[in-house]
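In the numbering used here, the protein residues as written are -4 to 513.
Cβ atoms here follow ideal geometry from the backbone N, Cα and C, with glycine treated the same way.
Here the structure is a predicted model, which is why all the values come from computation and not from measurement.
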Amino acid sequence: MSKYDPLLDDFEEDSEVTVSSGFKKNTGKSDGENQKASASKTVPGEDTKEPNDDELEEVEEQESWSDDPVRMYLTQMGEIPLLTRVEEIRLAKRIEDTRRDFRAKLLESDYVFQMAFKILRRVHLGELPFDRTVQVSVTDRLEKEQIMGRMPGNLDVVETLLRQNKRDFRVAVSKSFSKSERREAWKNLGRRRRRCVRLVEELGLRTQRIEPMINTLNDFSECIDKLLADIQEAKESKDHHRKRDLLSQYRNIMLAIQETPTSLRNRVKYLNTVYAEYQQAKRELSEGNLRLVVSIAKKYRNRGLSFLDLIQEGNAGLMRAVDKFEYRRGFKFCTYATWWIRQAITRAVADQSRTIRIPVHMVETMSRVRNVSRQLVQELGREPTLEETARRAETTVEEARRVLAMSRYPISLDRPVGNSEDSQFGDLLPDGDAESPASGASQEMLRDRIGRVLKTLSYREREIIKLRYGLGDGYSYTLEEVGHIFKVTRERIRQIEAKAVRKLQQPSRSQELVGFLD
-4 MSKYDPLLDD FEEDSEVTVS SGFKKNTGKS DGENQKASAS KTVPGEDTKE PNDDELEEVE
56 EQESWSDDPV RMYLTQMGEI PLLTRVEEIR LAKRIEDTRR DFRAKLLESD YVFQMAFKIL
116 RRVHLGELPF DRTVQVSVTD RLEKEQIMGR MPGNLDVVET LLRQNKRDFR VAVSKSFSKS
176 ERREAWKNLG RRRRRCVRLV EELGLRTQRI EPMINTLNDF SECIDKLLAD IQEAKESKDH
236 HRKRDLLSQY RNIMLAIQET PTSLRNRVKY LNTVYAEYQQ AKRELSEGNL RLVVSIAKKY
296 RNRGLSFLDL IQEGNAGLMR AVDKFEYRRG FKFCTYATWW IRQAITRAVA DQSRTIRIPV
356 HMVETMSRVR NVSRQLVQEL GREPTLEETA RRAETTVEEA RRVLAMSRYP ISLDRPVGNS
416 EDSQFGDLLP DGDAESPASG ASQEMLRDRI GRVLKTLSYR EREIIKLRYG LGDGYSYTLE
476 EVGHIFKVTR ERIRQIEAKA VRKLQQPSRS QELVGFLD
């Protein structure tokens, strides 16, 4: 029991829900020893030789090698030994054991268990997907039906046990009850917590759903330790008002997590240790099969993803296989992992290899149509028509046309042209919004000719023609608007316009514009 705990000083150590301890600690050299070791490697004042040409060449090769990430990865991967069948089973058992211990100790916390209960309740109500929340075998439909059948009863029992735990915890931390009553409450809490764990394990809640809650418990533990230190500081400084506020916060947190500081501290320590062992076992099993990922990724090169991206996607599938591997079925791990690795890589190629994403079902259709087209080329000795391809692929002509159009890869406008990087592909494409030089020169000449022809008219005729046909600002004025400008009637404007048009139609004037007719 912590000496800083102001509420639970009189509790006996055996009255709490204890957590097993005795963990091994890694030891290493101190900083002083490391400094001595590094100092012994370099002797001040010792003459140093200049490297010769061979040594410089070797250094340059090493530097160029270090710049190649694929080569570095493959070299480091080659240093990891392969796993035997016995070692695979040993690691799989270790993963299973540490995962079971981690889940059990994590779920024994009432706070975590309440979160798990809420998740399972949402699954039962259909608010969360069953397959993504509950761990079931994809091939065992009976197991899924059994879990769905026992879920309502288990959840009802768990809800009752949680209410009883909440009541007994208040009894256990209250000084108004006798020591025997509080000790009995602690025993009942431990017994019910173990029963709750069994009930939830029957429902197969995925570890990934409760795994992040260890961080929440760590935060609670640090918060309580800080509160206890602040309470002790307020007690020593006789700041009673601050002490009351801190004690109120402390009680609220303790009632929320339903665990004493010592029990929570021990639980977090145990969970961190077991979780580290669990992750280490998973890491060793996955590292021993990295070669398998590379061998599968090689088959998917030149499909739009770099080799490193293919390896990383395959590694993600390998990690999924580590989580789902069941060694009791008798298969080797590589046999099981191959499917997950290939599935992860093919999905990544379908989703990420193209600039414009194509749905997975369309990728399968494209692959089928392309295969049919290649077969027809070999059989007919020529390129098949669209109708022949659609008939053999058992699809419509329109669908085949759409699939073949989608199979074309987009070309980047920034792609260099040829071996030179001075020009790009986008520089060779015409800009539809920009005016071509020839068209611009032609329009300029047309404006000059029109201006020259209009100068042969009188001032009023010239201005009326410009306003009526939008030759000035691009806006064509109505007869009424032009009449307001010249302060005459619209009929007079019409007469002047007709007279000006007849003049422009005369051969002496129209001949100037004949060359611009299409």
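CB-CB under 8 Å to residue i, same chain, minus the five flanking residues each way: which ones, in chain order?
i	result
Met314	Lys277, Ser281
Ser402	Met361, Val364, Arg365
Arg349	Gly299, Tyr404, Pro405
Arg145	Glu197, Leu198
Lys461	Leu449, Gly467
Cys329	Asn284, Leu287
Met357	Val398, Met401
Thr43	Any answer about Thr43 is weak, because its pLDDT of 40 lies below 50 and its placement is not dependable; what the coordinates show is given next. Around Thr43: no qualifying Cβ.
Ile353	Ala345, Met361, Met401
Arg165	Leu250
Phe172	Val166, Ala180
Comparing C-alpha positions only, which one of the options sits nearest to residue i?
i	options	result
Phe112	Ser434, Ser407, Arg193	Arg193
Leu474	Arg463, Gln244, Gly467	Arg463
Lys88	Glu321, Ser171, Val65	Glu321
Leu241	Arg85, Ile219, Ala339, Thr202	Ile219
Lys327	Arg369, Asp422, Val81	Val81
Glu140	His119, Gln159, Leu123, Ala433	His119
Arg189	Phe108, Tyr470, Ser243	Phe108
Ser243	Glu103, Pro354, Ile226, Lys174	Ile226
Ala99	Thr79, Arg187, Asp151	Arg187
Gln203	Ala433, Ala436, Met440, Lys319	Lys319
Gly510	Ser437, Tyr454, Thr451	Ser437
Pro147	Asp234, Gln159, Gly121	Gly121
Phe481	Ala429, Tyr454, Met110	Tyr454
Val269	Arg85, Arg95, Met67, Thr70	Arg95
Met143	Ser169, Arg116, Ser290	Arg116
How many angstroms separate the CA atom of residue i from the CA atom of residue j?
i	j	result
Pro76	Trp334	22 Å
Ser505	Leu499	6 Å
Ile248	Lys161	13 Å
Gln501	Asp426	40 Å
Arg342	Gln307	13 Å
Gln130	Arg377	53 Å
Glu83	Leu222	46 Å
Asn210	Glu179	31 Å
Val195	Tyr295	42 Å
Asp151	Ala339	39 Å
Glu393	Gln373	24 Å
Pro207	Ser258	20 Å
Ile491	Tyr472	15 Å
Glu486	Tyr470	20 Å
Asp445	Glu507	Residue 445 is actually Ile in this sequence, not Asp. Going from the Cα of Ile445 to the Cα of Glu507 covers about 8 Å.
Ala271	Ile90	11 Å
Thr484	Arg447	28 Å
Pro379	Glu359	20 Å
Ala224	Glu231	11 Å
Gly465	Glu416	47 Å
Lys293	Pro64	16 Å
Arg323	Asn297	38 Å
Thr451	Asp443	13 Å
Going by the CB atoms, is the gap between residue j and residue i shorter than 8 Å?
i	j	result
Lys494	Glu456	yes
Leu157	Leu212	no
Arg303	Ile205	A small fix is needed here, since residue 303 is Leu in this sequence, not Arg. Cβ atoms of Leu303 and Ile205: not closer than 8 Å.
Arg201	Thr93	no
Val412	Leu423	yes
Leu184	Asp214	no
Assuming residue i and residue j make a contact with CB atoms under 8 Å, what is their CB distance in whole Å?
i	j	result
Tyr106	Gln253	7 Å
Val477	Ile488	5 Å
Lys238	Ala251	That belief does not hold up - the Cβ atoms of Lys238 and Ala251 are roughly 20 Å apart, past 8 Å.
Tyr331	Ala345	Contact doesn't hold; Cβ gap of about 23 Å is too wide.
Ser216	Val263	5 Å
Phe97	Tyr273	6 Å
Leu408	Gly421	3 Å
Ala395	Leu375	In fact, because the Cβ distance is near 16 Å, the residues do not count as touching under 8 Å.
Skipping 5 residues on each side, what residues in its chain have a beta carbon closer than 7 Å to that of residue i?
i	result
Val288	Ile306, Gly309, Asn310, Leu313, Ile336
Arg517	This structure gives no information on residue 517, because the portion of the chain shown stretches from -4 to 513.
Glu383	Leu371
Gln419	Leu408, Asp409, Arg410, Pro411, Val412
Thr390	none
Glu279	Leu86
Ala167	Arg177, Ala180, Trp181, Leu184
Taking 6 Å as the limit between beta carbons, can you name the residues of its chain near residue i, skipping five residues before and five after?
i	result
Glu58	Its pLDDT being 47, under 50, Glu58 is placed unreliably in this model, and the value from its coordinates should be taken loosely. Hits under 6 Å: none found.
Met72	Leu285
Let me see if you follow: with CB-CB separation under 8 Å, is residue i close to chain B or not?
i	result
Arg85	Protein chain content of the structure displayed is limited to a single chain, and chain B is not contained in it.
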